[in-house]
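J.: In this note's numbering, the protein residues as written are 25 to 196.
We put the beta carbon where it would ideally sit given N, CA and C, even for glycine.
1) Assuming residue 147 contacts residue 107 under a Cβ cut-off of 8 angstroms, what Cβ separation, rounded to an integer in Å, is found between them?
2) My output table needs one value for residue 29: the three-state DSSP class, helix, strand or coil.
3) By the 10 Å Cβ neighbour count, where 16 or more other Cβ atoms means buried, how is residue 81 classified, buried or exposed?
4) Excluding sequence positions up to five away, which residues of its chain have a Cβ less than 7 angstroms from the Cβ of residue 91?
5) Give me the residue from 168, 33, 93 with the minimum Cα distance to residue 72.
6) Based on the DSSP secondary-structure assignment, which residues constitute the bridge partners of residue 158?
7) For residue 177, I'd like the list of residues in its chain whose CB is within less than 6 angstroms of its CB, leaving aside the five on either flank, ordered along the chain.
8) In terms of DSSP beta bridges, what is residue 166 paired with?
9) My guess is that residue 105 and residue 46 are in contact by the Cβ rule of under 8 angstroms, so how many angstroms apart are they, rounded?
10) Are residue 122 and residue 129 closer than 8 angstroms when you measure CB to CB?
11) What are the start and end residues of each continuous alpha helix (DSSP H) run of 4 or more residues lying completely inside the region 104–147, in chain order?
12) At which residues does the alpha helix (DSSP H) containing residue 47 begin and terminate?
13) Can you check whether the CB of residue 167 is closer than 8 angstroms to the CB of residue 43?
14) Using 10 angstroms around the beta-carbon of residue 179, count the other beta-carbons present and answer buried if the total reaches 16, otherwise exposed.
15) Judging by CA-CA distance, which residue of 113, 190, 88, 96 is the nearest neighbour of residue 139?
Spelled out as structure tokens, the structure:
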């Protein structure tokens, strides 16, 4: 668990899937830090904010059979969910105005970059989240057990960003 958190934060390229037991929803078999097809100031800033987390191991409880454990972590992060919500609300309101005023795609993209940088300017690490992480002993190695429905570890690391994105999706 510590290897994962420290390596990920340091943007180290390691065999991330080997640290997990269970089915991951996200693909981290390749370099998770490869730049996107269109690297931008938004992507760079998001990465900077996401990787700024701090954590502390609060407690570890090993099951009586010694084959599983629960590790309680406390993350202190930037409230990325709140920053992104603020950005999206302002973006939606202004995007229509810009589109109807004849703004070019480049102008709209630059405006989005400026808006995101403004929304994240001065962001402080003030979001504190506790999360229980299940660990399992497999072949004498402790692995992070993942349930594809449980995003709590990743959401805590990312300052509530995943939950915010889920809340923005329409219900089916």
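T.: According to the data block:
1) For this step, residue 147 is matched to residue 123 along the chain shown. For this step, residue 107 is matched to residue 83 along the chain shown. The pair is a contact, with the Cβ atoms about 6 angstroms apart (cut-off 8 angstroms).
2) Sequence index remark: in the chain shown, residue 29 carries index 5 (1-based). Looking at residue 29 - three-state DSSP - the assignment turns out to be helix.
3) Locating residue 81 in the chain shown gives position 57, counting from the first residue. The residue in question, residue 81, is exposed, as its Cβ has fewer than 16 Cβ neighbours within 10 Å.
4) Taking the chain shown and counting its residues from 1, the one referred to as residue 91 is at position 67. Closer than 7 angstroms at Cβ, skipping near neighbours: 160, 161.
5) Within the chain shown, numbered from 1, the residue matching residue 72 stands at position 48. Comparing Cα positions, the closest option is 33.
6) The count along the chain shown starts at 1 and reaches residue 158 at position 134. Answer is 94.
7) The count along the chain shown starts at 1 and reaches residue 177 at position 153. Contacts found: 155, 157.
8) Numbered from 1 along the chain shown, position 142 holds the residue referred to as residue 166. Checking the DSSP bridge columns, you'll see residue 166 partnered with 161.
9) For the purposes of this step, residue 105 is taken as residue 81 along the chain shown, with counting starting at 1. For the purposes of this step, residue 46 is taken as residue 22 along the chain shown, with counting starting at 1. Not quite, the Cβ-Cβ distance comes to about 24 angstroms (not below 8 angstroms), so this is no contact.
10) Position 98 of the chain shown holds residue 122. Position 105 of the chain shown holds residue 129. Cβ distance not < 8 angstroms, so residue 122 and residue 129 don't count as in contact.
11) 104–124, 129–144
12) As a working mapping, residue 47 is identified with position 23 in the chain shown. Segment: none, residue 47 is in no alpha helix (DSSP H) and carries neither H nor E.
13) Here the question's residue 43 lines up with position 19 in the chain shown. Here the question's residue 167 lines up with position 143 in the chain shown. Their beta carbons are under 8 angstroms apart, which means residue 43 touches residue 167 by this criterion.
14) Counting from one through the chain shown, the residue named residue 179 turns up at place 155. Buried, by the Cβ-count rule.
15) Along the chain shown, one-based indexing puts residue 139 at 115. The option with the nearest alpha carbon to residue 139 is 113.
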